[in-house]
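Chemist:
There are 2 protein chains.
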Amino acid sequence: MSTERKPRADAERNRARVLEAARALLAEHDDVQLPEIARVAGVGVGTVYRNFPDRRALVEALAEQRFAEIAEYARKRCLDGKSGVKRYLRHVGEVLSGDRALSSAIETARGSAGSEPRGDALAELETVLAQAIAADQAAGVLRADCTVGDVYLLVGCLSSVVRTGSGDWRRFLELALEGLLPRD
Amino acid sequence: MSTERKPRADAERNRARVLEAARALLAEHDDVQLPEIARVAGVGVGTVYRNFPDRRALVEALAEQRFAEIAEYARKRCLDGKSGVKRYLRHVGEVLSGDRALSSAIETARGSAGSEPRGDALAELETVLAQAIAADQAAGVLRADCTVGDVYLLVGCLSSVVRTGSGDWRRFLELALEGLLPRD
DNA sequence: ATCGGAAGCGGAGTCCGTTTCCAGATTAAC
DNA sequence: GTTAATCTGGAAACGGACTCCGCTTCCGAT
């Protein structure tokens, strides 16, 4: 009748260690090898794979953490109708700059258009973003036809600019944000 | 004293075959394996690697072809000061849509910021692009501070949007092009 | 026309990162 | 304390890019 037994304490500890090590290493170089992550976490590769079916899943789990952090920021600072979307995008740019692996997570997440089982944090983020958009539009500082999809599009671009280092992402935002101003 | 002797006829034939096969296969799927390309070209893997030191070099050679084609288009249709830059970006979007591998070439090319030994076609393309920008600016349809780097930035983004299929690249351009209009 | 050897060829084999597998160690439940 | 499920480490399998080298083909000198 009882459903499951409590998960083992050592297992949870190991999972946390893996996430911690991965977060630190992947922020620096998005191509760190799994055995290296395992080594730093003080576990075997097998343990990493027990917790995360493959590399992508691990990166995704870390991305979920970031998404939650970003959602919290957005809830606090981007809902006042004073160009919250602009502030949101700038913040995303900053976060991306400090986490090499986040970009690849964003790009694969985007690739799997819509249908995929989106994570909780990402869903939450989408909700907050929609509110920020609505607030800006009500205040007349954002074009009326701007959608969540549009902002996602820009986040994807921002991500690719930061990842490839192909130019100044702030300059990119400067240009892109002009495109989001209300039509005359 | 004489520098090099003429390359063997069969070698040139094989090189051409590899390029042809690669162009066809990579346009469809940017992750085709080299042995497959070799098989379709009717040569061994070794021959592919003789002509192109690595996968990237092969993709780059194909990209150079595309760049030359795009430069030709731009020379004919984008220098009249009538929003040539807009037409240029739209054309690049179309080409990217039909060639999956071009995106990765563009992204690695951009990653190697400036210093790298740029290909001839790319250099040529940059020249034409600069002319198109100047023409549009003279006609007052493009913001005065727009640089070649800005357009590169947008091309990089365009590329990532097309590659990841994360949204409608036409919509992206619509937004981005607003940002390129002259400041009021 | 023929022949020596440089240039080119193919594909088996190396390398290197990811992922799987499982015998043994560890833990929760009783 | 016993039991049985859970978790562990790391050796080995796998997959794909790239290298190496003995054999073949072409070229141009004779």
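These protein sequence lines map, in sequence, to chains A and B. Counting from 1, position 58 in the first sequence corresponds to residue 58 in the working numbering; the numbering is continuous, with no gaps. Counting from 1, position 3 in the second sequence corresponds to residue 1003 in the working numbering; the numbering is continuous, with no gaps. For each residue, glycine too, the CB sits at the ideal point set by N, CA and C. Since the model is a prediction, treat every value here as computed from it, not as a measurement.
1. Would you say B/Ser1097 and B/Val1151 are within 8 Å of each other, going by their C-beta atoms?
2. Taking the CB atoms as reference points, tell me whether A/Leu89 and A/Leu173 lie closer together than 8 Å.
3. Take A/Cys78 and list the residues in its own chain whose beta-carbon comes closer than 6 Å to its own, dropping the five residues that flank it on each side.
4. Between A/Asp10 and chain B, is there a C-beta pair that is closer than 8 Å?
5. My understanding is that B/Asp1080 touches B/Ala1135, with C-beta atoms under 8 Å, so please give their C-beta distance in whole angstroms.
6. Give the list of continuous alpha helix (DSSP H) stretches no shorter than 4 residues that lie fully inside the stretch 1007-1089 of chain B.
7. Could you name the residues of chain B that A/Glu124 contacts, counting a contact when the two beta carbons are closer than 7 Å?
8. Given A/Arg183, which residues of its chain have a CB within under 7 Å of its CB, disregarding the five upstream and five downstream residues?
9. Report all residues from its chain with a CB closer than 8 Å to the CB of B/Ala1130; omit the five preceding and five following residues, and keep chain order.
10. Can you tell me the Cβ-Cβ gap for B/Ala1061 and B/Ala1041, rounded? I've got them flagged as a contact below 8 Å.
11. So is B/Leu1089 in contact with chain A if we call contact Cβ pairs under 8 Å?
12. Any idea what DSSP makes of A/Thr127, helix, strand or coil?
13. Any chance the CB of A/Ala22 is under 7 Å from a heavy atom of the ligand NAD?
14. Quick one: is A/Arg110 near chain B, going by C-beta distance under 8 Å?
15. Thinking C-alpha only, which one of A/Asn14, A/Arg66 and A/Glu64 is nearest A/Gly46?
16. Report the three-state DSSP secondary structure of B/Leu1122 (helix, strand or coil).
17. From A/Ile70, A/Thr164, A/Val43 and A/Ala24, pick the residue whose C-alpha is nearest to that of A/Ala11; which is it?
18. Rounded to whole angstroms, what's the CA-CA distance from A/Glu212 to A/Leu122? Just pull it up for me.
19. Using beta carbons (cut-off 8 Å, strictly below), is A/Asp67 in contact with chain B?
20. Put A/Gly167 into one of helix, strand or coil per three-state DSSP.
Modeler: Once the coordinates are examined:
1. On the second sequence, residue 1097 of chain B is found 97 positions in, with the first residue counted as 1. On the second sequence, residue 1151 of chain B is found 151 positions in, with the first residue counted as 1. Their beta carbons are not under 8 Å apart, which means B/Ser1097 does not touch B/Val1151 by this criterion.
2. Mapped onto the first sequence, residue 89 of chain A falls at position 89. Mapped onto the first sequence, residue 173 of chain A falls at position 173. For A/Leu89 and A/Leu173, yes; Cβs fall inside 8 Å.
3. For this step, residue 78 of chain A is matched to residue 78 along the first sequence. So the qualifying residues of the chain are Gly84, Arg87, Tyr88 and Ala132.
4. In the first sequence, counting from the first residue as 1, residue 10 of chain A sits at position 10. By this cut-off, A/Asp10 is not an interface position.
5. The residue labelled residue 1080 of chain B in the question sits at position 80 within the second sequence. The residue labelled residue 1135 of chain B in the question sits at position 135 within the second sequence. The Cβ separation is near 7 Å, so the contact holds.
6. 1009-1028, 1034-1041, 1045-1051 and 1055-1077
7. In the first sequence, counting from the first residue as 1, residue 124 of chain A sits at position 124. Correct list: empty, because the minimum Cβ distance to chain B is about 20 Å.
8. Residue 183 of chain A sits at position 183 when you count from the first residue of the first sequence. Excluding residues within five positions, the ones whose Cβ falls inside 7 Å are Arg143.
9. Within the second sequence, the letter at position 130 stands for residue 1130 of chain B. If we look at B/Ala1130 and ignore the five residues flanking it on each side, its Cβ neighbours are Val1148.
10. The residue labelled residue 1061 of chain B in the question sits at position 61 within the second sequence. The residue labelled residue 1041 of chain B in the question sits at position 41 within the second sequence. Contact flag wrong, Cβ pair sits at about 13 Å.
11. Position 89 of the second sequence holds residue 1089 of chain B. No, because no Cβ of chain A sits closer than 8 Å to the Cβ of B/Leu1089.
12. Within the first sequence, the letter at position 127 stands for residue 127 of chain A. A/Thr127 falls in the helix class under three-state DSSP.
13. Absence of the ligand NAD is noted for the structure shown, with no ligands found whatsoever.
14. The sequence position of residue 110 of chain A within the first sequence is 110, counting from 1. Yes, contact with chain B.
15. Within the first sequence, the letter at position 46 stands for residue 46 of chain A. That would be A/Asn14, whose Cα lies nearest to the Cα of A/Gly46.
16. For the purposes of this step, residue 1122 of chain B is taken as residue 122 along the second sequence, with counting starting at 1. Of the three classes helix, strand and coil, the one that applies to B/Leu1122 here is helix, per DSSP.
17. The residue labelled residue 11 of chain A in the question sits at position 11 within the first sequence. Closest by alpha carbon: A/Val43.
18. With chain A running from 1 to 184 in the structure shown, residue 212 of chain A is simply not present.
19. The sequence position of residue 67 of chain A within the first sequence is 67, counting from 1. The sequence shown places Phe at residue 67 of chain A, not Asp. No, because no Cβ of chain B sits closer than 8 Å to the Cβ of A/Phe67.
20. In the first sequence, the residue the question calls residue 167 of chain A occupies position 167. A/Gly167: coil per DSSP, three-state reduction.
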